[in-house]
Amino acid sequence: MTAAYAVEALKLRRSRVVAVATVALLLVPALLARAFLIAAERGGDDPMSAKASLLLPGLGWSGYLGGLLQIYATAGVVGSGIVVGWCFGREYADRTVVSLYASATPRTSVARAKLVLLAAWSVAVGIGVAVAAALIGTASGLGLPDTADGGVLGRLAALAVLSGLLALPVALPASIGRGYLPAVGGLMVLVVAAQVAMVAGAGTWWPWSVAAVWAMGTDAGMEPVAPVWLTVVPLVAALGAAATVAWWRRAEVV
Numbered sequence: 011m012t013a014a015y016a017v018e019a020l021k022l023r024r025s026r027v028v029a030v031a032t033v034a035l036l037l038v039p040a041l042l043a044r045a046f047l048i049a050a051e052r053g054g055d056d057p058m059s060a061k062a063s064l065l066l067p068g069l070g071w072s073g074y075l076g077g078l079l080q081i082y083a084t085a086g087v088v089g090s091g092i093v094v095g096w097c098f099g100r101e102y103a104d105r106t107v108v109s110l111y112a113s114a115t116p117r118t119s120v121a122r123a124k125l126v127l128l129a130a131w132s133v134a135v136g137i138g139v140a141v142a143a144a145l146i147g148t149a150s151g152l153g154l155p156d157t158a159d160g161g162v163l164g165r166l167a168a169l170a171v172l173s174g175l176l177a178l179p180v181a182l183p184a185s186i187g188r189g190y191l192p193a194v195g196g197l198m199v200l201v202v203a204a205q206v207a208m209v210a211g212a213g214t215w216w217p218w219s220v221a222a223v224w225a226m227g228t229d230a231g232m233e234p235v236a237p238v239w240l241t242v243v244p245l246v247a248a249l250g251a252a253a254t255v256a257w258w259r260r261a262e263v264v
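In this note's numbering, the protein residues as written are 11 to 264.
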């Protein structure tokens with residue numbers, strides 16, 4: 011397993027896709043939330059200001075973080091899913107999967123290494139998202155966050171980590187479909203299903219929406235979520251990972 015981890019860690023570290031996705035997840039949602047807050051504070055009659063006033067739960071840190079949570083609820087899974095799809099789909103798109111059949115390292119070890127490193131990447135991104143949000147908010151004139159704002163930043167970090175875990179099942183369609191496009195298709199299915207679950211009133215227990223509903227909280231008009239329901243997130247991540255490893259164990263060379 012050591013060789014598999016070393017090789018996969020090198021791939022992640024040198025990948026432009028991972029680098030761009032990481033920077034995007036750290037900065038783009040926070041900058042968009044800050045832009046929405048500026049528009050809401052301006053209070054004009056233009057469409058941007060009107061939309062921002064409806065989106066944000068308030069002004070100051072509460073409005074900024076509330077908008078950021080709403081943006082990240084979708085952006086987190088999408089960004090993480092792109093990285094997961096690349097990590098598994100590239101082996102087929104670049105035809106490097108053929109060499110794995112001649113390698114002394116078992117294919118299942120390679121798959122496990124990918125999944126573990128992606129989970130670790132999700133934790134690092136989760137911490138980074140909260141830190142970046144705090145720095146951008148402070149540097150843009152909101153002042154220092156208070157204790158309540160710190161709690162929301164903690165929920166943001168948790169949402170980012172859980173979003174990364176929710177994206178792990180994307181590895182399965184990437185592997186079965188042998189490429190990037192099936193991964194994108196699987197990711198879109200998950201995102202749309204989460205939106206449908208929210209509309210249908212199942213957002214408090216559906217795995218791909220419960221984390222966002224919990225993070226945004228009742229302040230954003232969401233239904234309260236029992237903490238026990240958050241356990242479905244690592245459960246579906248583990249099931250998706252197990253199914254992916256099982257596929258790599260039995261898959262034939264292309």
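Ideal Cβ positions, reconstructed from N, Cα and C, are used throughout, including at glycine.
Opening and closing residue of the alpha helix (DSSP H) in which residue i lies
i      : result
Ser173 : Thr157 to Leu176
Glu233 : Taken as a continuous stretch (DSSP letters only), Glu233 belongs to no alpha helix (DSSP H), as it is neither H nor E.
Thr84  : Gly70 to Ala103
Leu261 : Note on residue identity: the sequence assigns Ala, not Leu, to residue 261. Careful: Ala261 lies outside any alpha helix (DSSP H) and carries neither H nor E.
Lys66  : Here the sequence assigns Leu to residue 66, which means Lys is not the residue at that position. Looking at the DSSP string, Leu66 is not in any alpha helix (DSSP H), and its letter there is neither H nor E.
Residue i - DSSP class collapsed to helix/strand/coil
i      : result
Ser25  : coil
Gly136 : helix
Leu240 : helix
Thr214 : coil
Ala203 : helix
Arg122 : helix
Pro116 : coil
Leu154 : coil
Gly250 : helix
Arg52  : helix
Arg188 : coil
Original post:
Contact between the stretch 152-161 and the stretch 190-205: three or more CB pairs below 8 Å?
Top reply: no
Original post:
Just checking, does the stretch 129-140 make contact with the stretch 44-52 on the three C-beta pairs under 8 Å criterion?
Top reply: no
Subject >> Three CB pairs or more closer than 8 Å across the stretch 205-215 and the stretch 65-79 >> reply: no
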